[in-house]
Amino acid sequence: MNKVFKFLCLLFLVSSCQEENLTVKNIDVNWEFKAVEDTVYLPAKVPGTVHSNLLTNGVIEDPFFRMNEKELQWIDKKDWEYQTVFNVDKKTLSKDKVQLEFKGLDTYAAIYLNDSLLLTTNNMFLCWEVDCKQILKSGKNHLKIVFQSPINKGLQKRANLGYQLPNAVNDQSENGGLGKKQVAVFSRKPGYHFGWDWGPRLVTSGVWQEVYLKAWDKASINDVYIKQQKVEASLAEFQAEIAIEALEKFTATVEVFVDGVLKNERELELTKGLNQINVPLTIKNPELWWTNGLGTQKLYDVKVVLKKWNGTIAKKTERVGIRNLQVVQKKDKAGESFYFELNGHPVFMKGANYIPQDVFLDRVTVDDYKKIIQDMVAANYNMIRVWGGGIYEKDIFYDLCDEHGILVWQDFMFACAMYPGNDSFLENVKKEATYQVKRLRNHPSIALWCGNNENLTAWENWGWKNEIYNHQGKEVMDTVWKAYTDVFHDMLPKVVKSFDEDTFYWASSPTSEMGKDATLTAGDYHYWGVWGQQSPFETFDEFIPRFMSEYGFQSFPEFNSVEKFTKEEDWDVYSEVMQSHQRHPIGNKNIAHYMQSWYRKPKDFDSFLYVSQLLQAQGMQMAIEAHRRNMPYCMGSLYWQINDCWPVASWSTIDYYGKWKAAHFKVKDLYKALKGMFYANKEMLEFYIVSDALQEQPAKLHLKLIDFRGEELYTYQQDINIKSNRSQVYFKTSLNDLLMKYKSSKIVLQAQVLDKYQQVLDESLCYFEKPKDLDLTKPTITKKMIRREKNEIELVLKSDVLVKNVKLVANGDETFSNNYFDMLPEQEYTVKVTDVAVNAEEYLAGLRIESLLNTFAPDDSIRKQ
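Quick note: the sequence shown uses this note's numbering, first residue 246, plus one each step.
Structure below.
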């Protein structure tokens, strides 16, 4: 009888284990919210923010429209509360452990379950978990979250610090009604919420990520780290470091599968509490992970299963890519190199800096993430820098970077400021860093952890150190600097070494080495002479660093985008509304200054927006060409910035509404794996070809000098062998010899690189005058269309004369494969148009074609030949 009873108990246990042990309930319905001082609740969306929920309920108007932002600064001074009621069944309550998990709370929250205080939070960048089984009840349960004003909390912390930190230049405290009392640095939430020189001041609170109720029996797999140990062509060796939380002592089995194949299993004795288990793994003939443009992005699914008597207790899956990635710093004659070596090959990094896609983070959808990553891939990026004034991005961002071969330079969330150094702040930051490093370390896309953005260069060069010394004394200056070194020279590198030791840590961007200011001969560099000091674009050729991690130039969004946040009365770049959507204090002045050097004065508002984009593209071209031309001395070009968080004039190459500016089309061409580029000094003209390829390639170089009506004036052909992974000159000539017979304002030099099948690999153009001085004439442009698919059209365009900066204009949400490009006479240009909502004939009839010539004033439109 006893044996039968034991057998039945064993059978019951195996049966119960084979059911899904972990249950997860998303608490995302029935939420409502109000200001704490109010009595009436309104419906709320979770995830969400107070601002977005107020907007949905019609309490406030669109914060991005015109100057509405200024009227909404009261929101961040109030405390807010959210509440919901959710049901819990008896089966969930019977589980050994029940937890509430808050993926993201913004920021100072007190959490109550059935009127009992469960938890208080103080960090937007942490996931918060709390046991709640003893407070839960079968049936309805009441959950309430009270958010304290981040402004009031910040003011309190500022007053209690005992000394004054330097004023962070981007904290728009005066716009928020705080005068000079800046508080952004006291809260672990995104700095850009408090304003930036491209963003509004809209300081949010709310449940910004999901809330889950999780329940499980016996044990849970808390974390799996697939630690790479050795990668060779024939074999890759790993260690699966597994963290298991057991609620009691018992014997179990761990199985590890790779792409569904059992690779290893281990019997183990689990003790009550946290257990750390290491399981070795090997993969024969591994398929390597490569960046976009260099190879495929193979991702292996590694599944860890915890079993008892063949019944599954817990499981967890991670996706990993197998690659060798190193940051190489070697002393040389100039200083010290700084480049990324992937699978044994130095790789020039091409990309941009990235900011959050919206001020209100709950509004960023999965489709938005897919689009921005696809925009990177389409523009031939292989790296993106997640900038330190925003957020550690959501999992899907890194998943997509893994899938598409985009390496991530990951900043910790510190930017352009000095921070407190008290024990509570340091403890909070350590928890944040540990959580984020462990969360992201399995992603093959994570290339580098960077301590902060520009904090060191600000301390050294923005007058902060001397200001504190002169007004508060050496003791306070030393205190502020110690807080810096405690975080960026001690704590963060230790966290990275402890939890992701294979990934490179860089203390600050830009810097030449830990604690040392940036130079052009070592480390990374931010160059802002262009724009910041109004240095001419040509200085990009002079300031060549080892790795350029920031530079850029502003432009306005296109007219269709501006229409979305303005009224017709606002259509002047100096109107109050347009200037409120230009956060750099001399932004419009800078654009006008550079425009005067390169372009004729645009005839109207629409033309000014368009020419500002051409100007930005011109600056980006000169910068990127300088960086790529000078490889391997310079091995990276990450411009500021790819995207916007609201509609604004900024350095972005894609506006808030997802529209590519002229510069993004230009970057797409400049970042190609094989790119030709002209470089002229006072006497010589050189033609470079830069190749990212890992093998040499035979090709043919064709050069043709023509006038703007298409007459050939000079031709040159040569068989060449394009060297792999380098920049090299393949043609040079005296400018005087080339131009002595012709008028420089009427000619263009075309270079084509052809493969062995006579297919054009690249085309580059060289003009001999600035755009404002070119003798342009009115073109006759023909257009024809071939429908390819239901929502895709292929356009073929041709002109009788040169057309500068062709812009295709339509009123829908369609996207163009190319735009803002130059057309040579009698040459066909093919453009694919996707997401077309109307029939082909109707679309063709409504399509407008503009060019630089259209922006000239009537008395300056056509120059006599």
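Just so you know, even glycine gets a beta-carbon here, dropped at the ideal spot from N, CA and C.
- Listed in chain order, the beta strand (DSSP E) runs fully inside the stretch 694-760 are 749-751, counting runs of at least 3 residues.
- Selection 565, 985, 1010, 1003 evaluated against residue 994 yields 1010 as nearest (Cα-Cα).
- Pairing residue 992 with residue 586, the inter-Cα distance amounts to about 42 Å.
- For residue 395, the uninterrupted alpha helix (DSSP H) segment begins and ends at 395-405.
- Taking a 10 Å sphere around the C-beta of residue 1093, we find fewer than 16 other C-beta atoms and assign the residue as exposed.
- Bridge partners of residue 573 according to DSSP: 584.
- Rounded to whole angstroms, residue 816 and residue 823 show a C-alpha spacing of 8 Å.
- Straight through space, the alpha carbons of residue 972 and residue 943 are spaced by roughly 15 Å.
- One thing to note: residue 497 has its Cβ within 8 Å of the Cβ of residue 515.
- For residue 628, the uninterrupted beta strand (DSSP E) run begins and ends at 628-631, by DSSP.
- Comparing C-alpha distances from residue 1065 to each of 319, 527, 904, 986 shows the shortest one belongs to 904.
- Here the C-alpha atom of residue 645 lies approximately 15 Å from the C-alpha atom of residue 545.
- In this structure, residue 832 sits away from residue 908, with a CB-CB distance that is not shorter than 8 Å.
- The beta carbons of residue 785 and residue 868 sit about 4 Å from each other, so the pair counts as a contact at 8 Å.
- Put simply, of 291, 336, 362 the residue whose alpha carbon is nearest the alpha carbon of residue 380 is 362.
- With 16 or more neighbouring CB atoms inside 10 Å of its own CB, residue 453 falls in the buried class.
- Under the DSSP assignment, residue 842 falls in the alpha helix (DSSP H) whose first and last residues are 832-843.
- One Cα belongs to residue 296, the other to residue 681, and the distance between them is close to 26 Å.
- Pairing residue 281 with residue 391 gives a Cβ-Cβ distance under 8 Å.
- The alpha carbon of residue 446 has as its nearest neighbour, out of 396, 976, 913, the alpha carbon of 396.
- At a cut-off of 3 residues, the continuous stretches assigned as beta strand (DSSP E) that sit fully inside the stretch 785-832 are 793-795.
- Sixteen is the threshold: since fewer than 16 other Cβ atoms of the shown chains lie within 10 Å of the Cβ of residue 519, the residue is exposed.
- The Cβ atoms of residue 698 and residue 634 lie closer than 8 Å to each other.
- Leaving aside the five residues that flank residue 712 on each side, none in its chain has a CB nearer than 6 Å to its CB.
- Just so you know, the alpha carbons of residue 272 and residue 290 end up roughly 11 Å apart.
- By the CB criterion at 8 Å, residue 491 and residue 460 fall outside the cutoff.
- Ranked by how close their Cα comes to the Cα of residue 304, the residues 287, 293, 292, 315 have 287 in first place.
- Note on geometry: alpha-carbon atoms of residue 1039 and residue 343 lie some 57 Å from one another.
- Less than 8 Å separates the beta-carbon of residue 1025 from that of residue 1045.
- With 16 or more neighbouring CB atoms inside 10 Å of its own CB, residue 826 falls in the buried class.
- If one requires a minimum length of 4 residues, the alpha helix (DSSP H) runs lying completely within the stretch 277-359 are 295-301, 335-338, in chain order.
- The C-beta of residue 872 has 16 or more other C-beta atoms within 10 Å across all chains shown, which makes the residue buried.
- Per DSSP, the continuous alpha helix (DSSP H) segment holding residue 620 begins and ends at 611-623.
- Here the C-alpha atom of residue 837 lies approximately 31 Å from the C-alpha atom of residue 709.
- The DSSP-derived three-state label of residue 867 is helix.
- Counting C-beta atoms within 10 angstroms of its own C-beta, residue 1049 has 16 or more neighbours from the protein chains shown and is therefore classed as buried.
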